[in-house]
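Okay, so here's the structure we're looking at.
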Amino acid sequence: MGKGNVFDLLGPIMVGPSSSHTAGAVRLGAMARKILGEEPIRGTIILHGSFATTGKGHGTNLALVAGLLGMAPDDERISEAPEIAKERGLGFVFETADLGDIHPNSVKFNLLGKNGCNVQVLGSSIGGGTIVIREINDFQVEIRGDYPTLVILHQDLPGVVAQVTLLLATAQINIAHMWVSREKKGAQALMVLETDQLIDDSVLGLLRKLPRIYQALAIEPLE
Amino acid sequence: MRAYEDWVIEAEARGVKISQVVCQNQMEELEQSEQALFQRMSKNLRVMRESVEAGLSGERRSLSGLVGGDAAKVEARWKKGESLTGGLMSSAIARALAVAEVNACMGKIVAAPTAGSCGVLPAVLLTVEKALEVVEHDLVLALFTAAGLGMIIAERASVSGAESGCQAEIGSAAAMAAAAAVELAGGSPSQTADAAAIAMKSMLGLVCDPVAGLVEVPCVKRNATGASIALVAAEMALSGVKSAIPIDEVIDTMGLIGKQMPCALKETAQGGLAVTPTGRRIQADFL
Numbered sequence: 003m004g005k006g007n008v009f010d011l012l013g014p015i016m017v018g019p020s021s022s023h024t025a026g027a028v029r030l031g032a033m034a035r036k037i038l039g040e041e042p043i044r045g046t047i048i049l050h051g052s053f054a055t056t057g058k059g060h061g062t063n064l065a066l067v068a069g070l071l072g073m074a075p076d077d078e079r080i081s082e083a084p085e086i087a088k089e090r091g092l093g094f095v096f097e098t099a100d101l102g103d104i105h106p107n108s109v110k111f112n113l114l115g116k117n118g119c120n121v122q123v124l125g126s127s128i129g130g131g132t133i134v135i136r137e138i139n140d141f142q143v144e145i146r147g148d149y150p151t152l153v154i155l156h157q158d159l160p161g162v163v164a165q166v167t168l169l170l171a172t173a174q175i176n177i178a179h180m181w182v183s184r185e186k187k188g189a190q191a192l193m194v195l196e197t198d199q200l201i202d203d204s205v206l207g208l209l210r211k212l213p214r215i216y217q218a219l220a221i222e223p224l225e
Numbered sequence: 032m033r034a035y036e037d038w039v040i041e042a043e044a045r046g047v048k049i050s051q052v053v054c055q056n057q058m059e060e061l062e063q064s065e066q067a068l069f070q071r072m073s074k075n076l077r078v079m080r081e082s083v084e085a086g087l088s089g090e091r092r093s094l095s096g097l098v099g100g101d102a103a104k105v106e107a108r109w110k111k112g113e114s115l116t117g118g119l120m121s122s123a124i125a126r127a128l129a130v131a132e133v134n135a136c137m138g139k140i141v142a143a144p145t146a147g148s149c150g151v152l153p154a155v156l157l158t159v160e161k162a163l164e165v166v167e168h169d170l171v172l173a174l175f176t177a178a179g180l181g182m183i184i185a186e187r188a189s190v191s192g193a194e195s196g197c198q199a200e201i202g203s204a205a206a207m208a209a210a211a212a213v214e215l216a217g218g219s220p221s222q223t224a225d226a227a228a229i230a231m232k233s234m235l236g237l238v239c240d241p242v243a244g245l246v247e248v249p250c251v252k253r254n255a256t257g258a259s260i261a262l263v264a265a266e267m268a269l270s271g272v273k274s275a276i277p278i279d280e281v282i283d284t285m286g287l288i289g290k291q292m293p294c295a296l297k298e299t300a301q302g303g304l305a306v307t308p309t310g311r312r313i314q315a316d317f318l
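Quick note, the sequences are listed as chains A and B, same order. Taking my numbering, the leading residue of the first sequence gets 3, the next gets one more, and so forth. Taking my numbering, the leading residue of the second sequence gets 32, the next gets one more, and so forth.
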């Protein structure tokens with residue numbers, strides 16, 4: 003039997019009407035923003051399944067934009083997200099599409115940041131406000147936002163993973179979970195590590211200087 | 032599997048409230064101090080109060096336009112001295128509608144246990160608070176009793192409409208509120224179990240059939256009827272009326288009925304009120 007938590011039954015504190023279609027949607031937007039790593043200025047938001055069909059009445063569109071603006075699920079400005087996006091210079095369009103055999107409450111973001119970063123993020127709201135990020139730039143991942151998370155794009159060669167884990171060990175950062183996937187042998191690969199400790203900028207700086215590392219991103223856990 | 036009856040036995044043996052047993056359990060399982068848990072639960076209570084106030088005073092409409100303003104109607108009639116069922120019941124009805132309306136109108140609420148059933152617990156607790164002049168500390172404690180029972184319901188059955196229908200959402204909320212109300216009124220731990228069992232038994236089989244898939248019709252009004260059932264169940268239990276079927280067995284039954292319930296009646300908007308001629312028309316107009 004798992005441990006129970008009374009605050010799963012009384013909570014979250016959130017803006018309604020739906021934990022999956024509103025609170026979860028805010029968290030998906032917020033996670034996509036963290037993965038982009040900078041202020042988004044343009045976004046294409048592709049709705050799938052129940053997000054596409056019943057999203058309107060649940061304020062899913064508003065919630066996704068609110069998340070992109072960095073709001074939390076209990077932010078009472080969620081319903082004003084489009085106006086705030088305009089003020090902050092975030093342009094967005096919504097589309098609907100069948101994104102394949104995935105959870106009915108799913109969305110794909112295609113984001114452009116103010117410094118020119120571009121990222122594609124696919125995620126699902128899987129119940130009670132819990133989310134999971136399934137894809138980043140077409141790489142399969144599984145990020146729930148419960149832990150500090152490192153996302154590292156690197157070359158698929160022997161020893162690249164080892165140098166990352168060695169650096170984390172030296173910094174006294176413990177790895178809770180880890181996934182590695184690749185395009186094909188020797189090509190680009192993606193490493194996702196969930197850690198027990200926060201990854202500070204100095205560690206991130208060192209990671210970025212390692213050979214065969216193209217990009218490294220540290221994502222703080224969601225509130 | 033964890034059982035509410037075990038907590039009743041423990042509380043009665045130690046001469047404490049159910050909420051104190053739940054608190055103790057959570058200090059161990061979450062590895063947090065009593066003060067930290069208490070603070071977090073106090074915040075839930077504060078947001079509940081705010082959502083009641085917002086719902087009673089506000090004139091917001093939901094995104095579909097179907098919901099809004101009904102809490103204020105009930106409150107106004109009662110304040111004019113025209114309540115049919117009495118002040119306690121009118122207060123609970125108005126507060127349950129208020130919070131559920133705030134939820135439908137994209138206002139801030141505490142999911143209790145879900146967003147769709149968020150009105151029942153604040154309505155019952157804040158009504159009992161006024162009636163019995165309960166102190167804040169006991170009110171926060173009563174939330175632990177409610178949440179502890181919710182935890183057991185989630186473990187043994189479900190609190191999700193998509194999994195087990197409305198009986199798992201409003202039904203669970205009513206059982207949680209009934210147990211908390213009994214504790215606030217000075218009832219024994221075993222009386223909280225009777226109240227919870229009576230409340231949940233009254234809602235067994237209730238389906239989740241939201242019109243157009245929205246958390247509006249019939250969800251908002253079911254929060255008010257759920258609150259009334261919680262108060263009726265608490266009244267019986269406090270009078271010494273026992274539930275013939277114990278709470279844990281009622282919870283297991285709710286879970287089983289949920290499994291037997293067809294998918295069309297579990298939050299898919301493919302059955303029940305959602306497919307009535309009016310329900311279909313509302314859906315067509317809105318989407």
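Beta carbons: idealized from backbone N, C-alpha and C, even for Gly. Model, not experiment: these values are computed from the prediction.
Any idea which residues DSSP pairs residue i with across the strands?
| i | result |
| --- | --- |
| residue 246 of chain A | The requested residue 246 of chain A is not part of the displayed model; chain A covers only 3 to 225. |
| residue 32 of chain B | Note: residue 32 of chain B sits in no beta bridge, so no partner. |
| residue 157 of chain A | A:190 |
| residue 42 of chain A | A:115 |
| residue 120 of chain A | A:114 |
| residue 238 of chain A | The requested residue 238 of chain A is not part of the displayed model; chain A covers only 3 to 225. |
| residue 127 of chain A | A:133 |
| residue 50 of chain A | A:108 |
| residue 197 of chain B | According to DSSP, residue 197 of chain B bridges with nothing at all. |
Please state the DSSP three-state secondary structure of residue i.
| i | result |
| --- | --- |
| residue 58 of chain A | helix |
| residue 112 of chain A | strand |
| residue 191 of chain B | coil |
| residue 218 of chain A | strand |
| residue 316 of chain B | helix |
| residue 118 of chain B | helix |
| residue 3 of chain A | Only weak support is given to the placement of residue 3 of chain A: the predicted model assigns it a pLDDT of 38, under 50, and the value that follows is read from those uncertain coordinates. Residue 3 of chain A: coil per DSSP, three-state reduction. |
| residue 71 of chain A | coil |
| residue 152 of chain A | strand |
| residue 168 of chain B | helix |
| residue 136 of chain A | strand |
| residue 92 of chain A | coil |
| residue 98 of chain A | strand |
| residue 298 of chain B | coil |
| residue 104 of chain A | coil |
| residue 199 of chain A | coil |
| residue 276 of chain B | coil |
| residue 49 of chain B | helix |
| residue 281 of chain B | helix |
| residue 144 of chain A | strand |
Give me the chain B residues within the contact set of residue i, using Cβ-Cβ distance strictly less than 9 Å, ordered along the chain.
| i | result |
| --- | --- |
| residue 51 of chain A | Residues of chain B passing the Cβ test: none, with the nearest at roughly 12 Å. |
| residue 106 of chain A | By Cβ distance, chain B contributes nothing, its closest Cβ being about 10 Å from residue 106 of chain A, past 9 Å. |
| residue 73 of chain A | Near residue 73 of chain A there are no residues of chain B at all, since even the closest Cβ is about 12 Å away, more than 9 Å. |
| residue 70 of chain A | None at all; the shortest Cβ gap to chain B is about 17 Å. |
Whose Cβ in chain A lies nearer than 7 Å to the Cβ of residue i?
| i | result |
| --- | --- |
| residue 61 of chain B | 7 |
Which residues in chain B have a C-beta closer than 8 Å to the C-beta of residue i? List them in chain order.
| i | result |
| --- | --- |
| residue 78 of chain A | 138 and 139 |
| residue 183 of chain A | Those within 8 Å of residue 183 of chain A in chain B number zero; the least Cβ separation is about 31 Å. |
Output, in chain order, the set of chain A residues within a Cβ distance shorter than 9 Å of residue i.
| i | result |
| --- | --- |
| residue 57 of chain B | 6, 7, 8 and 9 |
| residue 317 of chain B | 58 and 59 |
Name, please, each residue of chain A whose Cβ falls closer than 8 Å to the Cβ of residue i.
| i | result |
| --- | --- |
| residue 53 of chain B | 8 |
Name the chain B residues that come within less than 7 Å of residue i, Cβ to Cβ?
| i | result |
| --- | --- |
| residue 204 of chain A | Those do not exist, as residue 204 of chain A stays about 29 Å from chain B at its closest Cβ, beyond 7 Å. |
Worksheet item: Are the segment 144-164 of chain A and the segment 124-134 of chain A touching, with three or more C-beta to C-beta distances below 8 Å?
Response: yes
Item to complete: Note down, in chain order, all residues in the segment 172-189 of chain B with a beta-carbon under 9 Å from any beta-carbon belonging to chain A.
Response: 174, 175, 177, 178, 179, 180, 181, 182, 183, 184, 185 and 186
Discussion item. For the segment 225-247 of chain B, list every residue whose C-beta sits within 8 Å of some C-beta in chain A, in sequence order.
Written reply: Per Cβ criterion, the list reads 243, 244, 245, 246 and 247.
Worksheet item: Of all the residues that make up the segment 72-96 of chain B, which are near chain A by a beta-carbon distance shorter than 8 Å?
Response: 72, 74, 75, 78, 93, 94 and 95
Practice prompt. Please name the residues in the segment 133-147 of chain B whose beta-carbon is closer than 9 Å to at least one beta-carbon of chain A, in chain order.
Written response: 133, 134, 135, 136, 137, 138, 139, 140, 141, 142, 143, 144, 145, 146 and 147
Worksheet entry | the segment 189-201 of chain B touching the segment 235-251 of chain B, judged by at least three CB pairs closer than 8 Å | yes
Worksheet item: According to a CB-to-CB cut-off of less than 9 Å, which residues of the segment 14-31 of chain A neighbour chain B?
Response: 14, 15, 16, 17, 18, 19, 20, 21, 22, 23, 24 and 25
Worksheet entry | Cβ pair count under 8 Å reaching 3, the segment 102-118 of chain A against the segment 30-39 of chain A | yes
Worksheet entry | Contact residues within the segment 190-205 of chain B, judged by C-beta distance below 8 Å to chain A | Legend: CB atoms of the segment 190-205 of chain B lying less than 8 Å from CB atoms of chain A belong to residues 190, 191 and 193.
Discussion item. With a threshold of 8 Å, are at least 3 pairs of Cβ atoms found where one atom belongs to the segment 203-211 of chain B and the other to the segment 247-260 of chain B?
Written reply: yes
Worksheet entry | the segment 33-64 of chain A: positions lying closer than 9 Å to chain B by Cβ | 52, 55, 56, 58, 59, 60, 61 and 64
Fill in: Segment contact, 8 Å Cβ cut-off, at least three pairs: the segment 81-100 of chain B with the segment 39-52 of chain B
No: the two stretches stay apart, fewer than three of their Cβ pairs being nearer than 8 Å.
Worksheet item: Any residues in the segment 110-129 of chain A with a beta carbon nearer than 9 Å to a beta carbon of chain B? Which ones, in chain order?
Response: 129
Fill in: Contact the segment 92-101 of chain A vs the segment 48-56 of chain A: 3+ CB pairs below 8 Å
yes
Worksheet entry | Where the segment 153-183 of chain A meets chain B: residues whose CB sits under 9 Å from a CB there | none
Discussion item. Taking contact to mean 3 or more Cβ pairs, one atom from each stretch, closer than 8 Å, check whether the segment 165-179 of chain B and the segment 262-279 of chain B are in contact.
Written reply: no
Worksheet item: How about the segment 150-169 of chain A and the segment 207-218 of chain A: do they share at least three Cβ pairs that are nearer than 8 Å?
Response: Yes: at least three Cβ pairs fall under 8 Å.
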